[in-house]
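Residue numbers (this note's numbering): 2 to 295.
All C-beta atoms, glycine included, are put in the ideal place defined by N, C-alpha and C.
All figures in this text were calculated on a predicted structure; none of them were measured in a lab.
Shown next, in structure tokens, is the structure this report addresses.
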């Protein structure tokens, strides 16, 4: 009953005050949610602003095309390196001032990969990173006198590429099999990253750099699940020395989120059905044939 009441109460909340889980959504639900999320709305606004700056300070056609191509090409490498060495790095949680950010931008996602609210990156980390990765490329390619416009164009392409990455990332967590082989391939590799071994397949939508850097794998290559696939190596032993992520999370989980959800539901049901002390005493008294008031 308590669980049902909680679900009813949540249904009354505004759309983004509720919890959303991708494995309970279809593609239509995702599209509806995706374009309502404040992160995507902010990205779209920034992309439009970048294009407006480029229109104010434009380059020639060929330079513009070169900027678009370069910004789109540099993004997969930058994302791979960030994903492998920062998001999966064994150092951010060792600093109290970084622990909360690391928890928010990736640890929470691996704790429950289908939780939509923590799948999108935090704007205060993603926007500066996209700018640093792309704007200098645009400024270098643009001719003198149009460097601001070139930087803005590259930044906008980086933002739109991020939107594509985020949408495809969401699709990979939906409970359906895509029709297209190339999407099936992406989904399989990404699910292996989340449920088999977190130390590999960092590309999400582009695994070129995984092949180049030796981090590409298929499930058959790594039999047996990594014991840290859900906590990224932040174990109970590690938390004794670096407790900040555990304190913020209310504990450390190392099992599949669906199994944890089932266990929590069973626990709530057991607590709801647990007899009161009066019921226990009444039952005991009845068993020995005596009055409970005696």
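Checklist entry - Taking residue 58 as the reference, which of 138, 152, 44 and 132 has the closest Cα? => result Within the chain shown, the letter at position 57 stands for residue 58. Cα-wise, what sits closest to residue 58 is 152.
Checklist entry - Quick one: what does DSSP say residue 116 is sitting in, helix, strand or coil? => result To locate residue 116, count along the chain shown from 1; it is residue 115. Residue 116: strand per DSSP, three-state reduction.
Checklist entry - So, are the CB atoms of residue 81 and residue 234 less than 7 angstroms apart? => result Position 80 of the chain shown, counting from 1, holds the residue named residue 81. Position 233 of the chain shown, counting from 1, holds the residue named residue 234. Contact flag unset, no.
Item to check | Close Cβ partners of residue 289 (< 7 angstroms) along its chain, the five nearest in sequence each way excluded | outcome: The sequence position of residue 289 within the chain shown is 288, counting from 1. Because residue 289 carries a pLDDT of 42, less than 50, the predicted location of this residue cannot be relied on, and the following value inherits that uncertainty. Nothing listed; no residue qualifies.
Checklist entry - Thinking C-beta only, is residue 78 closer than 7 angstroms to residue 107? => result Position 106 of the chain shown, counted from the first residue, corresponds to residue 107. Position 77 of the chain shown, counted from the first residue, corresponds to residue 78. Not in contact: residue 107 and residue 78 (Cβ atoms no closer than 7 angstroms).
Item to check | Paired residues, beta bridge with residue 22 - DSSP | outcome: Taking the chain shown and counting its residues from 1, one reaches residue 22 at position 21. Its beta-bridge partners are 116.
Checklist entry - Along the chain, where does the alpha helix (DSSP H) that runs through residue 77 open and close? => result Start at 1 with the first residue of the chain shown, and residue 77 comes out as number 76. Counting along the chain, the alpha helix (DSSP H) containing residue 77 begins and ends at 62–83.
Checklist entry - residue 4 to residue 187, Cα distance in whole Å? => result Counting from one through the chain shown, the residue named residue 4 turns up at place 3. Counting from one through the chain shown, the residue named residue 187 turns up at place 186. Low confidence applies here, because residue 4 scores a pLDDT of 48, under 50, leaving its location unreliable; read the following figure in that light. C-alpha separation (whole angstroms): 36 angstroms.
Checklist entry - With DSSP run on the structure shown, which of helix, strand or coil describes residue 2? => result Here the question's residue 2 lines up with position 1 in the chain shown. Confidence is the limiting factor: at residue 2 the pLDDT is only 46, short of 50, which leaves the residue's position unreliable, though a coordinate-based value still follows. Correct three-state label for residue 2: coil.
Next on the checklist: So residue 155 and residue 72 are supposed to be a Cβ contact under 8 angstroms. How far apart are they, rounded?
Outcome noted: Numbered from 1 along the chain shown, position 154 holds the residue referred to as residue 155. Numbered from 1 along the chain shown, position 71 holds the residue referred to as residue 72. Going by Cβ atoms, the distance from residue 155 to residue 72 rounds to 4 angstroms, so yes, they are a contact pair.
Checklist entry - How big is the Cα-Cα spacing for residue 174 and residue 76? => result As a first step, residue 174 must be located in the chain shown, where it is residue number 173. As a first step, residue 76 must be located in the chain shown, where it is residue number 75. Rounded to whole angstroms, residue 174 to residue 76 spans 22 angstroms at the Cα level.
Next on the checklist: Just to confirm my understanding: we take residue 21, look at its own chain, exclude 5 residues before and 5 after, and list those with CB closer than 7 angstroms. What are they?
Outcome noted: The count along the chain shown starts at 1 and reaches residue 21 at position 20. Result list for residue 21: 34, 117 and 118, in chain order.
Next on the checklist: Buried or exposed, going by whether 16 or more other CB atoms sit within 10 Å of the CB of residue 27?
Outcome noted: Start at 1 with the first residue of the chain shown, and residue 27 comes out as number 26. Exposed, since its Cβ has fewer than 16 Cβ neighbours within 10 Å.
Item to check | Supposed contact pair residue 94 and residue 208 - C-beta distance, whole angstroms, cut 8 angstroms | outcome: One-based indexing of the chain shown puts residue 208 at position 207. One-based indexing of the chain shown puts residue 94 at position 93. The Cβ separation is near 27 angstroms, so there is no contact.
Item to check | 6 angstroms CB neighbourhood of residue 245 in its chain, flanking five on each side removed | outcome: Taking the first residue of the chain shown as position 1, residue 245 is located at position 244. 97 and 100.
Next on the checklist: Only counting the same chain, and skipping five residues up and downstream in sequence, which positions put a Cβ closer than 7 angstroms to that of residue 164?
Outcome noted: Position 163 of the chain shown, counted from the first residue, corresponds to residue 164. Cβ within range, chain order: 41 and 44.
Next on the checklist: Only counting the same chain, and skipping five residues up and downstream in sequence, which positions put a Cβ closer than 8 angstroms to that of residue 171?
Outcome noted: Numbered from 1 along the chain shown, position 170 holds the residue referred to as residue 171. The answer, listed in chain order, is 23, 31, 35, 117 and 120.
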